[in-house]
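Its first residue numbered 1, the sequence shown is counted upward by one per residue in full-length UniProt numbering. Notes follow the structure.
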Amino acid sequence: MGHRLSKIYTRTGDTGTTGLGDGSRVAKDDLRITALGDVDELNSTIGVLRAQISASSITDKAIWDKSLSLIQHWLFDLGGEVCIPNYHLLQPVCIEFLEQEIDRMNENLPMLKEFILPSGSLACSYAHQARAVCRRAERSLMSVQTRDQNIQATALKLLNRLSDWLFVASRALQRAEGGSEVLWQKNINDTI
């Protein structure tokens, strides 16, 4: 592969526009650019989660790393789809993989009887943060779909399923590090 970025600064965005992958220019606050930024932030947050798991005491790091690496690649593909209108990279296999992983992780988790707070170990907390960023990216992508109607269904499903995966992952990570979930207390004001 040739050099993709030979010059990092181009000065073409100095007036408030940016280029899409198809060569067109849009305002930097365009819905498509907002969605692209949210997907990029999600991918970066997944990278932080990956680094935290790598530095943790979790025993099955290789399994987590493989899953998170796939997810990061799919998010990069999703960014390509957002950046180039009507361009499709994602395949339904990513949805199938996430669903299988959710089922696998859920097998070892107790049934939830209460809401849980986004808290716990660092890895668990980063998974919760990634889930929240994922939900925002999903909303942003839905805004692009509502306006342009050229976002493929697999892209929207990926973010929806990924937020579910991250929720279950947060629970599994908390248990893998020997912790228990922090449950929401309905009548917390009664304890003050």
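Using N, Cα and C, we set each Cβ at its ideal position, and we do this for glycine too.
Ala-130: member of the alpha helix (DSSP H) spanning 122–148, first to last residue. In the displayed model, Ala-55 falls within coil according to three-state DSSP, outside both helix and strand. Closest option to Leu-89, judged by alpha-carbon separation, among Leu-78, Ser-69, Arg-25: Leu-78.
Three or more Cβ pairs drawn from the region 50–59 and the region 168–181 lie within less than 8 Å of each other, which places the two stretches in contact. A direct Cα-to-Cα measurement between Leu-112 and Ala-172 gives close to 13 Å. Excluding sequence positions up to five before and after Thr-45, its CB lies within less than 8 Å of the CB of Tyr-126, Gln-129, Ala-130, Val-133, all in the same chain and listed in chain order. In the three-state reduction of the DSSP assignment, Ile-116 falls in the strand class, which pools E and B. The alpha carbon of Lys-66 has as its nearest neighbour, out of Phe-97, Glu-107, Phe-167, the alpha carbon of Phe-97. Leu-183 sits in a strand when the DSSP states are folded into three classes. In the three-state DSSP reduction, Gly-23 falls in the coil class, being neither helix nor strand. With contacts defined by Cβ atoms closer than 8 Å, Ile-102 and Val-168 form a contacting pair. In this structure, the CA atom of Trp-165 is about 10 Å from the CA atom of Leu-159. Residues of the same chain with a CB within less than 7 Å of the CB of Asn-86, apart from the 5 flanking positions on each side, are Asn-150 in chain order. Note on Leu-162: 16 or more other CB atoms within 10 angstroms of its CB, so buried under the neighbour-count rule.
The alpha carbon of Leu-117 has as its nearest neighbour, out of Val-182, Asp-29, Ser-24, the alpha carbon of Val-182.
In terms of Cβ geometry, Trp-184 and Phe-76 do not form a close pair [threshold 8 Å].
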